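Working notes, beginning with the structure itself.
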Amino acid sequence: MASKFGLAGGIPERRVRPIWDAIDSRQFKNALKITTTLLSKHHNSPYALALKALILERMGKPDEALSVCLNAKELLYKNESLLMDDLTLSTLQIVFQRLDHLELATSCYEHACGKFPNNLELMMGLFNCYVREYSFVKQQQTAIKMYKLVGEERFLLWAVCSIQLQVLCGNGGEKLLLLAEGLLKKHVASHGLHEPEALIVYFSILEQQTKYGDALDILGGKLGSLLIVEVDKLRIQGKLLARAGDYAAAANVYQKILELCGDDWEAFLHYLGCLFEDDSSWSCETINASINSPKFVECKLAHLTDEVFNSCVENASAFVQKLQAETSNDSLRNPYLAHLEIERRKCLFRKNNDDGVIEVLLQYYSRFGHLACFTSDIEAFLQVLSQEKKIEFLDKLMKNSSSLSAVPTKALGQSITLLKTQELIGNMFRLSVAELEGSAVQMAELYCKNIPLSKDLDPQESMHGEELLSIACNVLVQLFWRTRDLGYFIEAIMVLEFGLAIKRYAWQHKILLLHLYSYFGALSLAYERYKSLDVKNILMETVSHHILPQMLASPLWADLSNLLKDYLKFMDDHFRESADLTFLAYRHRNYSKVIEFVQFKERLQHSNQYLVVRVEAPILQLKQNADNIEEEESILESLKCGIDFVELSNEIGSKSLIFNEDFQSRPWWTPTTEINYLLGPFEGISYYPKENLTKERETSVRGLVERKSLLPRMIYLSIQSASVLFKDSSDTNGSLADHKTSLELKSLLERYAKLLGFSLNDAIDVVMGVSRGLKTYEVFGSDVIDWLNFAVFFNAWSLNSNEFGQHEGKRTPVSWQLVNSLLENYVLSKLRSMGPLIQSPQGDLPKLVQAVTEPLAWHGVVIQSCVRSCVPSGKKKKKSGSTGQSISLLSHAVRDAIQSLCSILEEIVRWSQDQIKSPEDNKIDILVSSLKTNGQNGGPGHVFHILETLASSPNETELGNWISQALRAWSPVDVGRKIITGQSRVLSEFCRICESKIKALKSLKQQIAQV
Amino acid sequence: MVCIRKATMDDLLAMQACNLLCLPENYQMKYYLYHILSWPQLLYVAEDYNGRIAGYVLAKMDEESNECHGHITSLSVLRTHRKLGLATKHMSAAQAAMEQVFGAEYVSLHVRKSNRAAFNLYTQTLGYKIHDVEAKYYADGEDAYDMRKQLKAKQSHQHSHHHHHHHGGGCCSGEARSTQVTQTRGDSKMETKTSTKSNSKAG
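Those protein sequence lines, which keep their order, are chains A and B. The working numbering puts the first sequence at residues 35 to 1045. The working numbering puts the second sequence at residues 13 to 215.
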């Protein structure tokens, strides 16, 4: 309204324009100058103040910006005569939002709307504020007001969407849907509807109430013509008919769809569902399905008689045959897959149609066997066959392989399909070592033979036969798992690196390498490979599982910190921005997207990974600062002493977790972040289909987060507990606080023990038993780090508890000795059992790193706290009597603990230094010699040899320019060198962490010597 | 391909993975969101038999020019699913929607000069013509062909009355659709630009 007279917020527009221009060109100082001049004339203009606040915020002065904004807000509220325009309010809103004070923006709009109750523009602004806050009820009320004011369809739909959101994402009851339906009905009666999206929302409201008949009536009526695309309309019609139970009519509709779109697989499944009167294809519409998990089609057939089943199958087969006959396009797979699906249902119904399925599978191969998608197409159909029948199918397929296509790329595709089908069926695990070696060699030969096919490809295109290298790698890794011959492992790396040397875009090679390097202890190199995948945006949610778990247990703190920060930044930015984007959908009248978008935001908010990272990020900070108690305390202070995390741990049981990770791209030997088969002995596994392990993962993630989120608070309380030891006992307030600390730490220890599956007393017995050698570390299972943490915090608690650690009235160092011996025995036995990384992949290195950076570090913090409290500061007089005695006992214990930690750390430093300093050439020799075949038939090196031969004398006319160049540049020794550098970097970082701890401990030793 | 269908929000996770596996280009996520929230009619995915997303097309309506036209922003097909005619189907679906839903007169796109496979698809299979060359269009400095294809915009199709109505008489852009109320902010545009610019729209 203000701009009508060339005014902006009550100020002539020509005076405001230069400010915006300056802001646009990021000349904030200049903008501020002009604004200051403007304010001297219009010192009471909220708009000018809002502009000033905006500029200040941009200049990185949030506090000043907020105070200017509040000033503007106050003026708006106070002065009745002032303009209350959307321009001023929306500018203020922007600043408040950026300052994370949405509620202030909302209250400005609320005030304005109260003052000018019929101003549509202001109401839209207010609606927008509620959208940003996800206040669905208030959204609804505001939208209804706007609708009543101007009667526009879109405002009604805004209200209806807000109602749906209350039902789907809030705590609104389903009765609200009836209200939405009533509103729509009334509007339709008087005005009709004009937006296709409005109709879609109307349908969804009816569907949610199972009023399918009503929806069908509307679709058949005048409003149905709003849907312009014919098949879209048919799809809705088919679904409504089927849900209403009119299967015959629905089947007809789906037939029509298939005649229009021959490749609509979903329509075919619905069609079959309708024939068999089975509604399972509609009931699987779950929002939380993890991404890319293969959808196996569910179906119910048991209710059918033989006769009905047969006649249905006959109808379906006739229809499919008709579709096949009408298909002129050879790439249309749907009619042929439809045939397979019918055979599959026969198999499920009669249980004896295996041969029928095999027959049609073979036909499918002869038509589509050359396609890269063949194996993923047939995966679901193989599921109905027994293992023997699968092998029978494979044997028949192999017999066919003698007649490959005459077109070279097709023949190559068919050969690759055969290999992939073997993998799919799990046949690779039935072969002997010699057979496996033979097949890896064949793959390499096939790859080399077909390289010339790719000579004219663009650099970004994938090579023909590139997959052969991944499959060969899979086989070589299996050989390594079976034989533990490191040569195969290194050969697998070389094969992939060779592929990348030719085509640097091959992402699947990078992912496999990333995992091989992680396992080989060259984590920094793995991280390099990960970074080259250019993972950003939402991919951080779906792809970072490849590297994150390894990084969390690594000494590469700087890289880990970046990884965590980037991820959190993406997620938090998205949450901040997504509300703004929701309004975009309202504005564009894409109502169904409003609902989807809010649900999508919730999906990300419940991400298990988001939860893990939110806990791990502060724990990393605590690890990084553990050598300096003052810094550790200031980190803890910024974490509210860990209270929020304890709450998080309390809530986690009731939270639903969502798994958005894409595990399909993981290698066979580590199908989830929790499993790595290479760490255990060889066993036959069937890794296809990858099992759905979501349930197990959910339990494990919950457990992990529950335990980890207790850590900050336990560290905080341990510091308190260790520092109150020598306070003057006459200070009653102090001792009361000490008592509270002790009680709280005890209750957290109880929780921690419970999470490990024990009562507090039993858990104490377990750690005592292990430390005295009565039990082995095996009792800790995979939770050894948590147990060591438990022992550390238990010791901290006993320092300040009367329940434990007092013996004949004096504090005894039992719990100190407990921690010393637990840590010492654990670390030293690991060091003794681990060979150098270059000869034996990582094994226990991550556990070792965790032991040092977690329990040992926290123990160090406890020691620092003790030393700080018992070293006399200033003029404190020396304590006498029994206090003096216990001080001396304690200072002995602390001295011993320092000594013990130092010797552990020195041992690790020695172990790492030995490896870092060993000459690079020796290490290269180890790597290269493992690949020598020595003229023998078996053993590693044969695949590598084939690739080397090709690279040693590339035929430029045959291979083309760029491939020959790449081959000439290929250097296995460089690969070896990178591995060695990668391993050394990890060891050096670990060493650095240990050395810094040793230094800190030595200085503590000097301090305590004065006591 | 199975099911070329309109994209949903949840497809976004798989769509971006699809991009990782196919394209060196990788847009900001906001850009996808902006598209799906503004022109969901123009965003199609190919869902494969086992539920995986095997490709997608991302398109928009041009908001700035006077001629109503569409623009193909991104087209992507998993390499395991090449040579199945998926790209053609995606393009046809998006073009048809531009024409039928928004009444677009033509459709434009950019393609790397070096991307011969895509160039051939656009010229030979889909009937695009080179309109212009944009120097250094891509982040790595490569030139792009600016290509166009005329759509047979029907003068009056059976639903033109609706179409006319719900676009407020304007062309394609969502902004034009909400003209009944004073526009002081270029909201529909603000999401793709930097926040500085978007805020300046408030002025």
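Ideal placement from N, C-alpha and C gives every residue a C-beta, glycine not left out. Computed from a predicted structure; not experimentally measured.
Problem set entry | Inter-residue spacing [alpha-carbon to alpha-carbon] between arginine 1026 of chain A and glutamate 665 of chain A | 19 angstroms
Problem set entry | Proximal residues to leucine 1038 of chain A (C-beta, below 7 angstroms), its chain only, five neighbours per side dropped | For leucine 1038 of chain A, same chain residues with a beta-carbon under 7 angstroms away, outside a window of 5 residues either side, are Ile897, Gln898, Val901, Ile932 in chain order.
Exercise. With which residues is histidine 77 of chain A paired in a DSSP beta bridge?
Worked result: According to DSSP, histidine 77 of chain A bridges with nothing at all.
Problem set entry | Endpoints, the beta strand (DSSP E) within which arginine 17 of chain B is located | Residues 16 to 18.
Exercise. How big is the Cα-Cα spacing for glycine 180 of chain B and histidine 228 of chain A?
Worked result: With a pLDDT of only 34 at glycine 180 of chain B, under 50, the local geometry of the prediction cannot be trusted, and no value is derived from it.
Exercise. Which stretch, first to last residue, makes up the alpha helix (DSSP H) that contains glutamine 30 of chain A?
Worked result: The shown model of chain A, from 35 to 1045, leaves out residue 30 of chain A, and the question about it has no answer.
For this session: For phenylalanine 634 of chain A, go through chain B and note every residue whose CB falls closer than 8 angstroms to its CB, in chain order.
Result: The contacting residues are Met21, Asp22, Leu24.
Problem set entry | Within chain A, partners of glutamine 112 of chain B - CB distance below 9 angstroms | Ile262, Val263
For this session: Check each candidate in B/Ser104, B/Asn78, B/Lys141 and name the one with the smallest Cα separation from glutamine 53 of chain B.
Result: B/Ser104
Exercise. With 16 other CB atoms within 10 Å as the buried threshold, where does threonine 194 of chain B fall?
Worked result: Because threonine 194 of chain B sits at a pLDDT of 25, beneath the cut-off of 50, its placement in the model cannot be relied upon, and the point is left open.
For this session: Could you work out which residues of chain A lie near lysine 42 of chain B, taking near to mean beta carbons separated by less than 8 angstroms?
Result: When 8 angstroms is used as the limit between beta carbons, lysine 42 of chain B is near these residues of chain A: Glu611, Leu615, in chain order.
Exercise. When the Cα atoms are used, what is the spatial distance from serine 1030 of chain A to leucine 852 of chain A?
Worked result: Linking serine 1030 of chain A to leucine 852 of chain A through their CA atoms gives a straight-line distance of about 24 angstroms.
For this session: Select from the stretch 69 to 94 of chain B all residues with a C-beta closer than 9 angstroms to any C-beta belonging to chain A, and list them in chain order.
Result: Leu90, Arg91, Thr92, His93, Arg94
Exercise. Would you report the Cα separation of glutamine 192 of chain B and asparagine 152 of chain A, rounded to the nearest angstrom?
Worked result: Legend: pLDDT at glutamine 192 of chain B = 27, less than 50; position of this residue unreliable, no value from coordinates given.
Exercise. Which chain A residues sit within Cβ distance under 7 angstroms of glycine 153 of chain B?
Worked result: Result: empty, since nearest Cβ-Cβ is about 15 angstroms, beyond 7 angstroms.
For this session: Would you tell me roughly how many angstroms separate the C-alpha atoms of proline 875 of chain A and arginine 538 of chain A, rounded to the nearest one?
Result: Rounded to the nearest angstrom, the two C-alpha atoms are 26 angstroms apart.
Exercise. Below 8 angstroms between beta carbons: does that hold for leucine 487 of chain A and proline 442 of chain A?
Worked result: yes
For this session: Check the Cβ-Cβ distances between cysteine 30 of chain B and every residue of chain A, and say whether any is below 8 angstroms.
Result: no
Exercise. If you follow the beta strand (DSSP E) that glycine 676 of chain A is part of, which residue opens it and which one closes it?
Worked result: Where glycine 676 of chain A is concerned, there is no enclosing beta strand (DSSP E), given that its DSSP letter is neither H nor E.
Exercise. Pick from A/Phe716, A/Glu695, A/Leu744: whose alpha carbon is nearest that of glutamate 685 of chain A?
Worked result: The residue from A/Phe716, A/Glu695, A/Leu744 with its alpha-carbon nearest to that of glutamate 685 of chain A is A/Leu744.
Problem set entry | Closest by C-alpha distance to methionine 748 of chain A, when choosing among A/Gln198, A/Tyr786, A/Gln999 | A/Tyr786
For this session: Tell me the start and end of each unbroken alpha helix (DSSP H) in the stretch 123 to 190 of chain A that is at least 4 residues and wholly inside, in chain order.
Result: 136 to 149, 154 to 167, 170 to 184
For this session: Please report how far the alpha carbon of threonine 135 of chain B lies from the alpha carbon of isoleucine 980 of chain A, in whole angstroms.
Result: CA-CA distance, threonine 135 of chain B to isoleucine 980 of chain A, rounds to 41 angstroms.
For this session: Show which residues of chain B have a CB atom less than 8 angstroms away from the CB atom of glutamate 413 of chain A.
Result: Asn62
Exercise. Are the C-beta of serine 410 of chain A and some C-beta of chain B separated by less than 8 angstroms?
Worked result: yes
Exercise. Can you tell me where the alpha helix (DSSP H) with isoleucine 234 of chain A in it begins and where it stops?
Worked result: If you look at isoleucine 234 of chain A, you'll find it in the alpha helix (DSSP H) that goes 230 to 242.
For this session: Grab me the residues of lysine 172 of chain A's own chain with a C-beta within less than 8 angstroms of its C-beta, minus the 5 sequence neighbours each way, in chain order.
Result: Tyr164
For this session: Assign isoleucine 677 of chain A to one of two classes, buried (16 or more other C-beta atoms within 10 Å of its C-beta) or exposed (fewer than that).
Result: Per the 10 Å Cβ criterion, exposed.
For this session: Please go through the same chain and pick out, in chain order, the residues whose beta-carbon is closer than 7 angstroms to the beta-carbon of valine 928 of chain A, but skip the five residues on each side of it.
Result: Ile897, Cys900, Val901, Ile1042
Problem set entry | Stretch-stretch touch, CB-based, cutoff 8 angstroms, three pairs: the stretch 288 to 304 of chain A with the stretch 349 to 366 of chain A | yes
For this session: Flag leucine 133 of chain B as yes if its beta-carbon sits less than 8 angstroms from any beta-carbon of chain A, otherwise no.
Result: no
Problem set entry | chain B contacts from the stretch 238 to 259 of chain A (Cβ-Cβ distance under 8 angstroms) | Those residues of the stretch 238 to 259 of chain A placed with their C-beta closer than 8 angstroms to a C-beta in chain B are Ser259, ordered along the chain.
Exercise. Using a C-beta to C-beta distance shorter than 7 angstroms, which residues of chain A count as neighbours of leucine 45 of chain B?
Worked result: Leu615
Exercise. Once you ignore the five residues that flank glutamine 107 of chain B on each side, which residues in its own chain have a CB closer than 6 angstroms to its CB?
Worked result: Val119
For this session: Check whether the Cβ of isoleucine 709 of chain A lies closer than 8 angstroms to any Cβ atom in chain B.
Result: No Cβ of chain B is located within less than 8 angstroms of the beta carbon of isoleucine 709 of chain A.
Exercise. Between leucine 382 of chain A and the rest of its own chain, which residues show a CB-CB distance below 8 angstroms, the 5 nearest in sequence each way excluded?
Worked result: Non-local beta-carbon contacts of leucine 382 of chain A in its own chain, meaning distances under 8 angstroms to residues more than five positions away in sequence, involve Cys333, Leu335, Val418 in chain order.
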